[in-house]
Amino acid sequence: MDGLFVSFDLTIAWALLLAFAIYVYVVLDGFDLGIGILYPFFPEKKDRDLLMNTVAPVWDGNETWLVLGGGGLFAAFPLAYAILMPALYPPMIAMLLALVFRGVAFEYRWRATSRLSEKAWDGAFIGGSALAAFAQGIALGAILQGIEVEGRQYAGGWWDWLTPFSILTGFSVMAGYALLGACWLNMKLEGDVQHRVRRIARILALLTVFFIVAVSLATPFLEASYWLRWFGWPNMLATAPVPIAVGLITVLLGRSLFAHGRDWLPLVLTLLLFLLCFLGLGLSIWPDVVPGEVTIWDAASPQKSQAFMFVGAIVLVPIILAYTAYAYWVFRGKLDPEQGYH
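Quick note, our numbering runs 3 ahead of the 1-based positions in the sequence shown.
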């Protein structure tokens, strides 16, 4: 009984740790990808240089959390990894290739020797950012809508991930990331560029809320368990505060985007909005890691393996958090256009 209790605790601890890593990745790399999605709205080279310089000191460290999430899933929940990855190979491969192109473009754009090559690298940066965000949304939608499993392996087809719902979630993530990017730029920039970013952020806020509502309305119809979780009694007593809080944060976000001063507030409110969406997702699928098929306990690695890895995780995660916080603290405040990172 004692061993079962320890295993139960470690499994939940790993699930929460991975959820935390994924959320941190989404909010940190989200505004980073969002800047690339916003690039077409700023065609002038000086404006694009300014946008990129706001994130240049920190962008590569943001993807540390993606590695932690993927590696942690493989180590702590190998069965889930073995089922999910074959089901999501196309969007995952597209995301990784997009991140590679985007990362290369980030550095090579500054070394372009001609206007044509600069446009090519800008295109790679825009395309890589948009495709990575879209692929992440596709993967989220594919998991939510259900994955066909037989025994202990994926039993679906190559194109099962591509549905109207997954396309909806793909565009939803793109809109959300673009909003994060706009709010980040609003906090970091001043003058005419900031005013333009603020106007774009207002439109993106409406678009993001529209997609949140659309996905929220569609999700309960995907699985009977989702419907019972959100609308069954007494479950709705626990889930009802989430949409209420989303409505409140939406109102506050709208007001902050029209108010002057406190340029950090729209970003904080958008992060809270993402957190509520993340919480809603967790309420929908918990305790499954493959919705309707595999629970976290079914997918968990042996207790000794989890315990060994968890010791390393509780040492490394605070170090990564401290380094990340220090980097953002060092480069805090408004960006001086005359003192860019590059």
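All residues carry an ideal CB built from backbone N, CA and C; glycine is no exception.
None of these values were measured; they are calculated from a predicted model.
Item: Identify, in the order they occur along the chain, each residue of the same chain with its Cβ nearer than 7 angstroms to the Cβ of Pro290, setting aside the five sequence neighbours on each side.; Value: Thr298 and Ile299
Item: Helix, strand or coil for Ser10, going by three-state DSSP, please let me know.; Value: Its pLDDT being 42, under 50, Ser10 is placed unreliably in this model, and the value from its coordinates should be taken loosely. DSSP places Ser10 in helix when its eight states are reduced to three.
Item: Let's test the definition: count the other Cβ atoms within 10 Å of the Cβ of Met98 and tell me whether it reaches 16, buried, or not, exposed.; Value: buried
Item: From which residue to which residue does the beta strand (DSSP E) around Asp291 run?; Value: Asp291 to Val293
Item: Is Val318 helix, strand or coil when you go by DSSP?; Value: helix
Item: Determine whether the beta carbon atoms of Leu134 and Ala101 lie at a separation below 7 angstroms.; Value: yes
Item: Please classify Gln309 as buried or exposed, where buried requires at least 16 neighbouring CB atoms within 10 angstroms.; Value: buried
Item: For Thr116, count neighbouring C-beta atoms within 10 Å of its own C-beta (all shown protein chains included) and say buried if the count is 16 or more, exposed if not.; Value: exposed
Item: Grab me the residues of Gly285's own chain with a C-beta within less than 7 angstroms of its C-beta, minus the 5 sequence neighbours each way, in chain order.; Value: Ala22
Item: Where Leu272 and Ile317 are concerned, what is the direct C-alpha to C-alpha distance, given to the nearest angstrom?; Value: 28 angstroms
Item: Sorted by chain position, which residues of the same chain lie with C-beta nearer than 8 angstroms to Leu207's C-beta, five sequence neighbours on each side aside?; Value: Ala178, Ala181, Leu182 and Ala185
Item: Could I get the ranges of all uninterrupted alpha helix (DSSP H) runs contained in the segment 139–193, with 4 residues as the minimum, in chain order?; Value: 167–191
Item: Let me check you understand the geometry: is the CB of Tyr92 closer than 6 angstroms to at least one non-hydrogen atom of the ligand NAP?; Value: The model on display carries no ligand, and the ligand NAP is accordingly not part of it.
Item: For Met95, count the other beta carbons within 10 Å of its own beta carbon; 16 or more makes it buried, fewer makes it exposed. Which is it?; Value: buried
Item: Determine, using beta-carbon pairs with one atom in the segment 61–80 and one in the segment 21–38, whether at least three such pairs fall under 8 angstroms.; Value: yes
Item: Identify whether Val297 lies in helix, strand or coil by the three-state DSSP scheme.; Value: strand
Item: On the criterion of 16 or more Cβ atoms from any shown chain inside 10 Å, does Arg105 qualify as buried, or is it exposed?; Value: buried
Item: Can you give the Cα-Cα distance for Ala302 and Ala24, rounded to whole angstroms?; Value: 18 angstroms
Item: Spatial neighbours of Leu210 within its chain, please: CB distance less than 6 angstroms, with the 5 preceding and 5 following residues excluded, ordered by chain position.; Value: Ala178
Item: Measuring CB atoms only, is the segment 236–250 touching the segment 149–169, in the sense that at least three cross pairs come out at less than 8 angstroms?; Value: no
Item: Count the other CB atoms within 10 Å of the CB of Leu251; is the residue buried (16 or more) or exposed (fewer)?; Value: exposed
Item: Excluding five sequence neighbours on each side, which residues of the same chain lie with their C-beta closer than 8 angstroms to the C-beta of Ile40?; Value: Ile129, Ser132, Ala133, Ala136, Met177, Tyr180, Ala181 and Gly184
Item: With burial defined as no fewer than 16 other Cβ atoms inside 10 Å of the residue's Cβ, what is the status of Pro269: buried or exposed?; Value: buried
Item: How about Ala145 and Ala127: do their beta carbons lie closer than 7 angstroms?; Value: no
Item: With distances taken between CB atoms, is the gap from Phe281 to Ala221 smaller than 7 angstroms?; Value: no
Item: Give the DSSP-derived three-state secondary structure of Val212 in the structure shown.; Value: helix
Item: Just list the alpha helix (DSSP H) runs in the segment 230–274, keeping only unbroken ones of 4 residues or longer that don't cross its boundaries, in chain order.; Value: 238–242 and 244–261
Item: Measuring straight from C-alpha to C-alpha, what distance separates Arg265 and Ser259?; Value: 8 angstroms
Item: Grab the span of the alpha helix (DSSP H) containing Gly74 for me, first residue to last.; Value: Thr67 to Ala79
Item: Grab the span of the alpha helix (DSSP H) containing Lys49 for me, first residue to last.; Value: Lys48 to Val58
Item: Report yes or no: do the segment 31–51 and the segment 76–85 share at least 3 C-beta pairs separated by less than 8 angstroms?; Value: no
Item: Find out if the Cβ-Cβ distance for the pair Val314, Leu279 is shorter than 7 angstroms.; Value: no
Item: So what does DSSP say about Thr327, is it helix, strand or coil?; Value: helix
Item: Per DSSP, what kind of secondary structure is Met4 in: helix, strand or coil?; Value: For Met4, the pLDDT reaches just 38, beneath the cut-off of 50, and the residue's location in the model is therefore unreliable, although a value from the coordinates is still provided. In this structure, Met4 counts as coil in the three-state DSSP scheme.
Item: Can you give me the C-alpha to C-alpha distance between Leu19 and Ser304, rounded to a whole angstrom?; Value: 15 angstroms
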